[in-house]
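Asker:
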Amino acid sequence: MDHLSLFWVNPSRDKHLKAIETDFFQRVYRSLKDGTLELPPIPDVVLKLQRVCFAQTSTVKDVSTLLLDDATLTAAVIRAANSAIFSPRTNRPCHDINMAVSRLGIQRVLGIATAHAIQTLKTSSPFSEECNALLKKSATSSREFASTMALLCQKVKKYDETHRELEVEKALLIGLLADIGIYSAVKAFQHYTDEGNYLDFDIASHVFYSVSKEASRFILKSWGFDLDFIEVSTNHRIRREVDDVTYLNLATMANHLLLFRANDDAIDDHDVEITLAGAEALYELSNLNDADFRVELNGIINNCGF
Numbered sequence: 001m002d003h004l005s006l007f008w009v010n011p012s013r014d015k016h017l018k019a020i021e022t023d024f025f026q027r028v029y030r031s032l033k034d035g036t037l038e039l040p041p042i043p044d045v046v047l048k049l050q051r052v053c054f055a056q057t058s059t060v061k062d063v064s065t066l067l068l069d070d071a072t073l074t075a076a077v078i079r080a081a082n083s084a085i086f087s088p089r090t091n092r093p094c095h096d097i098n099m100a101v102s103r104l105g106i107q108r109v110l111g112i113a114t115a116h117a118i119q120t121l122k123t124s125s126p127f128s129e130e131c132n133a134l135l136k137k138s139a140t141s142s143r144e145f146a147s148t149m150a151l152l153c154q155k156v157k158k159y160d161e162t163h164r165e166l167e168v169e170k171a172l173l174i175g176l177l178a179d180i181g182i183y184s185a186v187k188a189f190q191h192y193t194d195e196g197n198y199l200d201f202d203i204a205s206h207v208f209y210s211v212s213k214e215a216s217r218f219i220l221k222s223w224g225f226d227l228d229f230i231e232v233s234t235n236h237r238i239r240r241e242v243d244d245v246t247y248l249n250l251a252t253m254a255n256h257l258l259l260f261r262a263n264d265d266a267i268d269d270h271d272v273e274i275t276l277a278g279a280e281a282l283y284e285l286s287n288l289n290d291a292d293f294r295v296e297l298n299g300i301i302n303n304c305g306f
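The C-terminal residue of the sequence shown carries number 306 in the UniProt record's numbering, and the numbering is unbroken.
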């Protein structure tokens, strides 16, 4: 399984081959090719926010007004604006949504709102018990993957201050949304079974993993997220000329670190390209005991306002 944020999956080759032969796989594959895969049902506020954020004439006030229609998202944005990672240069508390949007920036607000909506979907879906359990596991794992990406980003910047283009908060959001495609795959399976079809869930889960990368790419592209998000979700470098350390590099390092800490045999087949700063960051985090590593992960999540 080469989907970075699905490092917790241990696929079976035989079941994978059976999965791609199923009618369900062919159905999902066709929906991806013709662009009809159903997107995750995020709140209307977030959908409107997407349209506003990509309109050239939109202002901070336009975004703030939209957010006021959803108290949960408003609180999330204000909390993020007051966090240590998103606003490291100011000690002035932010209590107003206009100030929060202005401090974070319109695109970052969109990322925060989308990430919160997806995490909520994964933990409160109206599917079967097996599907809900898988999505909850995905929610937990994506938080671990995202916080590890953000932590590595922070450490790399500490060891090499020239990487100003890397943003800890963006690394976190990229990690949280990297496996977004698994939700649409699970929802497609629910529709498939509701129509009276049967497929063993174990085989179906291998379909989810087989299509997750392409489904994630389709969703992120449909919602206007940039190439940093898409490269990590597909585990594929799209741009030829890139910086020494990219978000895809951080994602690969995060995957490697989590495999190492889990004593996963899959690490033997996992290659990672790193700079000196990346090597120092990996060395530091690899030598933490489990308790201290968890403290670091929880700290980065809390500092980002999640």
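Glycine residues also receive a C-beta, built at the ideal position from the N, C-alpha and C atoms.
For Ala-185, collect the residues of the same chain with a Cβ closer than 8 Å to its Cβ; drop the 5 residues on either side in sequence, then sort them by chain order.
Answerer: Val-28, Val-207, Phe-208, Val-211, Ser-212 and Ala-215
Asker: In this structure, does DSSP put Asn-289 in helix, strand or coil?
Answerer: coil
Asker: Spatial neighbours of Val-45 within its chain, please: C-beta separation below 8 Å, excluding the five flanking residues on both sides.
Answerer: Leu-66, Leu-67, Asp-69, Asp-70, Leu-73 and Ala-113
Asker: How would you write the range of the alpha helix (DSSP H) that Asn-132 sits in, first residue to last?
Answerer: Unbroken alpha helix (DSSP H) run through Asn-132: 129-159.
Asker: Ordered along the chain, which non-local residues of its own chain (more than five positions away) have a Cβ less than 8 Å from that of Met-99?
Answerer: Cβ neighbours of Met-99 beyond the five flanking positions: Ala-81.
Asker: Scan the region 215-267 and note each continuous alpha helix (DSSP H) run of 4 residues or more that stays entirely inside, going in chain order.
Answerer: 227-234 and 247-261
Asker: Whole angstroms is fine: what's the gap from Leu-47's alpha carbon to Arg-164's?
Answerer: One Cα belongs to Leu-47, the other to Arg-164, and the distance between them is close to 31 Å.
Asker: Residue 309 and Asp-62: beta carbons closer than 8 Å?
Answerer: One cannot answer for residue 309 here, as it falls past the ends of the chain, which runs 1 to 306.
Asker: Report all residues from its chain with a CB closer than 7 Å to the CB of Val-272; omit the five preceding and five following residues, and keep chain order.
Answerer: Thr-252, Met-253 and His-256
Asker: Kindly indicate which three-state DSSP category Phe-54 falls into: helix, strand or coil?
Answerer: coil
Asker: Label Pro-40 either buried or exposed according to how many other C-beta atoms from any shown protein chain fall within 10 Å of its C-beta, with 16 as the threshold for buried.
Answerer: Buried, since its Cβ has 16 or more Cβ neighbours within 10 Å.
Asker: Count the other CB atoms, across all protein chains shown, that sit within 10 Å of the CB of Gln-56; report buried if there are 16 or more and exposed otherwise.
Answerer: exposed
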